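Quick notes on the structure that follows.
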Amino acid sequence: MTTTYSDTDLIHIIAIIRALRDAQRFLGDMTLYEFEADDEKQNAVAMAFARCGEHVKRLSDGFREHESSIEWRKVAGMRDWITHNYDGLDFETLYHAVVEETPQVLNVLLPYADQASNERIQTTDPFDVPTID
270 MTTTYSDTDL IHIIAIIRAL RDAQRFLGDM TLYEFEADDE KQNAVAMAFA RCGEHVKRLS
330 DGFREHESSI EWRKVAGMRD WITHNYDGLD FETLYHAVVE ETPQVLNVLL PYADQASNER
390 IQTTDPFDVP TID
């Protein structure tokens, strides 16, 4: 069961969902071997995770405490790891984050997308942060 949260939290939740879905879409059905050999996919997935982590940092403490099944510090830390250590990224870790951890986070956050769609939050532009009417 979801709890109602502020428009600001909902905006960031939608942005996180978009970023994680982008990471999944960029990876597609690639194997780890294929991913490690594809610079473009690596960059795209890394950027999606960086966007996700930036929005995680903007969620309220109350929301993060309510949804404590997600390791928020780990998700936000992924953004820092990507942006401050790009040349040293371990793409196997990034690959496994998309394949193994992203579905779990999406399962927690997707019910909030329904709440956002019932609110005044516009979510039609896939390249922009959602806005409030």
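So the mapping is simple: the working numbering equals the position in the sequence shown, first residue as 1, plus 269.
Where is the CB? At the ideal position from N, CA and C, for every residue including glycine.
Since the model is a prediction, treat every value here as computed from it, not as a measurement.
message = Measuring alpha carbon to alpha carbon, tell me which residue in Pro372, Val377, Tyr381 is nearest Arg290.
response = For the purposes of this step, residue 290 is taken as residue 21 along the sequence shown, with counting starting at 1. Nearest C-alpha to Arg290: Pro372.
Secondary structure, beta strand (DSSP E): runs of 3+ residues fully inside the segment 346-379 = none
Span separating the alpha-carbon of Ile401 from that of Asn354 = Here residue 401 corresponds to residue number 132 of the sequence shown, with the count starting at 1. Here residue 354 corresponds to residue number 85 of the sequence shown, with the count starting at 1. With a pLDDT of 48 at Ile401, under the threshold of 50, the predicted position of this residue should be treated as unreliable, and no value is reported.
ask   = Does DSSP put Glu309 in a helix, in a strand, or in coil?
value = For the purposes of this step, residue 309 is identified with residue 40 of the sequence shown, where counting begins at 1. DSSP places Glu309 in helix when its eight states are reduced to three.
ask   = Using the beta-carbon count (16 or more within 10 Å), is Gly331 buried or exposed?
value = Here residue 331 refers to the residue found at position 62 of the sequence shown. Counting Cβ neighbours within 10 Å, Gly331 comes out exposed, since fewer than 16 surround it.
request  = Would you check if the segment 291-303 and the segment 315-322 touch, i.e. whether three or more CB-CB distances between them fall below 8 Å?
outcome  = yes
query = Would a C-beta distance cut-off of 8 Å place Ala288 and Arg320 closer than the cut-off?
reply = Sequence index remark: in the sequence shown, residue 288 carries index 19 (1-based). Sequence index remark: in the sequence shown, residue 320 carries index 51 (1-based). Contact: yes.
task = Please report how far the alpha carbon of Met270 lies from the alpha carbon of Glu370, in whole angstroms.
result = One-based indexing of the sequence shown puts residue 270 at position 1. One-based indexing of the sequence shown puts residue 370 at position 101. Note that Met270 scores 46 on pLDDT, short of 50, meaning its location in the model is unreliable and no value can be drawn from it.
key: CB contact flag (Val344, Val367, <8 Å)   = As a first step, residue 344 is located in the sequence shown; it is residue number 75 there, counting from the start. As a first step, residue 367 is located in the sequence shown; it is residue number 98 there, counting from the start. No; because the gap between Cβ atoms is not below 8 Å, this pair is not in contact.
Ser275 burial status per 10 Å Cβ neighbour count (16 or more: buried) = What you label residue 275 is simply residue 6 of the sequence shown in a count that begins at 1. Classification of Ser275: exposed, given that the 10 Å Cβ count is below 16.
key: Top-ranked residue by Cα proximity to His335, from Thr277, Val377, Ala382, Ala284   = Translated into positions along the sequence shown, residue 335 becomes position 66. Selected option, being the one with the closest Cα: Val377.
request  = Pick out whichever of Gln311, His324, Thr300 has its Cα sitting closest to the Cα of Ile285.
outcome  = Counting from one through the sequence shown, the residue named residue 285 turns up at place 16. Cα-wise, what sits closest to Ile285 is His324.
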